[in-house]
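These notes are about the structure you will find just below.
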Amino acid sequence: MLPCTPSCVVDRSAKIHEFHGKTISAKMRAAQLSEGKVRETALRNRSLFRLGCLAAVGLMAASSNFAQQPVTDAAVKVVVVKGLAGVKDNTKGTLMIGEGSMHFAHEALMSDLGTHSIEDVVTGDDSQRVIRGTVGTLSWFAPYGAGRFLSLFRSKLDTVTIKYRDADGGLHGAIFTMPVGQAEVVKKDLLAQGAKTTVTAEDLAKTPAAATPDAKEKQ
Amino acid sequence: MRALRASSWAVVCFSVMLLCGVGAFAQDKPKPAKIKASAMQVDMIHSDEIKLPAEFQVSMYEDLIRQLQNKGGIAHVYREGDRNAASAADLVILRSNVTGFKEGSQRKREVTTVAGATSIKIHCVFSDKDGKTLLEADVTGKVRFFGGNLRATYDFAKATTKIVRENFSATT
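So the sequences go chain by chain: A and B. Sequential numbering from 30 applies to the first sequence in our numbering. Sequential numbering from 84 applies to the second sequence in our numbering.
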């Protein structure tokens with residue numbers, strides 16, 4: 030048995046301990062300790078359960094709020110792959126749709142496009158490497174084909190392709206990528222704000238390939 | 084031994100003469116006169132028979148315009164529907180139609196290196212304002228090893244710009 034306190038110095042064979050100036054038997058001391066431990070564990074489990082419940086309720090509330098929130102109020106994080114006037118290729122930013130226009134913002138850079146000038150909105154899907162950027166490039170030099178192996182891990186993306194006219198009537202095209210599930214919402218909002226499309230929901234339902242876009246892998 | 088050395092010298096001399104002859108022949112071959120074009124209007128890529136994803140169509144169009152503006156040697160490059168194109172002198176209109184498309188997979192390319200290539204075949208027609216065909220060419224855009232599928236559209240734009248640079252000039 031270990032010493033109860035620094036002051037309690039007894040050998041292992043001793044059956045009587047001096048505990049805070051009081052003399053108690055070894056059996057009583059052991060019983061007290063085990064009872065205290067059980068109570069502490071039960072209390073800890075109960076508080077953990079309560080915390081878990083609170084977190085679950087919070088998460089559910091947050092997710093339901095997020096699902097109900099219209100995109101016009103919340104900015105969607107997008108990447109401009111190419112084609113948006115005044116914006117460089119592969120620029121990350123936020124997209125907001127409202128008041129008859131589509132705003133793209135990246136730091137100080139702002140690009141506004143009237144939704145009435147948009148002639149076509151088409152959604153699609155895509156995928157990208159999970160590990161990308163500098164680390165992704167460096168991973169290609171990893172030994173034993175580790176870079177190739179890492180290419181198997183990909184995250185899915187949604188794409189939105191638009192065609193629009195500038196002030197001179199010139200036709201432009203722009204491609205955006207965004208998190209999964211956002212493309213249809215963005216398209217719906219653009220159509221609500223006056224944009225046009227050549228691919229309707231009925232057309233998508235007719236074509237089986239388009240109905241299951243996850244089956245194919247692009248880019 | 085001496086005979087072998089002599090014969091090897093003869094082979095070397097013959098090869099050199101042959102190369103010089105080929106070079107001279109190549110120099111003598113007259114280059115076709117470049118067609119004058121101070122402005123070019125690029126129409127949206129069409130795919131009448133092939134089902135082409137919208138992102139490929141837009142990507143090809145945008146890449147083509149950008150490449151022609153930067154490296155085409157044409158003074159003005161107009162987009163489809165641009166009202167300013169109507170008043171441009173020596174306007175050439177470029178119409179492209181997709182004749183073949185094979186969508187590959189970036190994942191396959193990165194994992195296997197040899198599989199998953201993407202290729203696009205396009206028939207390009209250069210015509211004047213009146214619709215008279217000036218030049219026709221088949222161009223292929225490919226991505227074989229690295230890069231996303233949309234890189235094939237960049238390859239197509241580069242190849243088309245090369246054709247424009249070789250056959251059209253703003254001055255002559």
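A virtual CB, placed ideally from N, CA and C, is assigned to each residue, including glycine. Bear in mind the structure is a predicted one, so any value in this text is a computation, not a measurement.
- The beta-bridge partner set that DSSP reports for A:LEU124 consists of A:VAL105 and A:PHE133.
- In the structure shown, the three-state DSSP call for B:ILE118 is strand.
- Chain-ordered listing is empty here: chain B has no CB closer than 7 Å to the CB of A:THR226, the nearest sitting near 10 Å.
- Identification of residues in the segment 167-186 of chain A having a C-beta nearer than 7 Å to some C-beta of chain B yields ARG177, SER180, LEU181 and ARG183, given in sequence order.
- The three-state secondary structure of A:GLN211, taken from DSSP, is coil.
- Contact check for B:LEU218 and B:ASN250: beta-carbon distance about 6 Å, within the 8 Å limit, so the pair qualifies.
- Counting every other CB atom within 10 Å of its CB across the protein chains shown gives B:GLU138 a total of 16 or more, marking it as buried.
- Counted as a single uninterrupted DSSP element, the stretch harbouring A:GLN222 is not any alpha helix (DSSP H), since DSSP gives it neither H nor E.
- Taking 8 Å as the cut-off between beta carbons, the residues of the segment 125-139 of chain B near chain A are MET127, PRO136, ALA137 and GLU138, in sequence order.
- DSSP places A:LEU179 inside the alpha helix (DSSP H), whose first and last residues are 175-179.
- Contacts with chain B at 8 Å (Cβ-Cβ) include A:ARG194.
- Under the three-state reduction of DSSP, B:VAL141 is assigned to helix.
- Taking every protein chain shown into account, the CB of A:THR144 has 16 or more other CB atoms within 10 angstroms, so this residue is buried.
- Close to chain A, meaning a Cβ-Cβ distance shorter than 9 Å, are the following residues of the segment 158-178 of chain B: TYR161, ARG162, GLU163, GLY164, ASP165, ARG166, ASN167 and ALA168.
- Under DSSP, B:TYR161 takes part in a beta bridge, and its partners are B:GLN124.
- DSSP places B:LEU218 in the strand class (E or B) of the three-state scheme.
- Look at B:SER252: its C-beta is not under 8 Å from any C-beta on chain A.
- Counting along the chain, the unbroken beta strand (DSSP E) around B:SER202 starts and ends at 201-210.
- Residues of the segment 187-211 of chain B whose Cβ lies closer than 7 Å to any Cβ of chain A, in chain order: SER188, GLN189, ARG190, GLU193 and VAL194.
- Linking A:TYR193 to A:THR226 through their CA atoms gives a straight-line distance of about 11 Å.
- Listed along chain B are VAL141, TYR144 and GLU145, each with a C-beta nearer than 7 Å to that of A:GLY202.
- DSSP lists A:ASP155 as the beta-bridge partner residues of A:LEU186.
- Here B:LEU174 really is in contact with B:ALA122; their C-beta atoms are around 5 Å apart, less than 8 Å.
- Segment contact: the segment 169-182 of chain A against the segment 136-151 of chain B, fewer than three CB-CB distances shorter than 8 Å; contact not assigned.
- Rounded to whole angstroms, B:SER130 and B:LEU177 show a C-alpha spacing of 15 Å.
- For B:ILE176, the uninterrupted beta strand (DSSP E) run begins and ends at 174-185, by DSSP.
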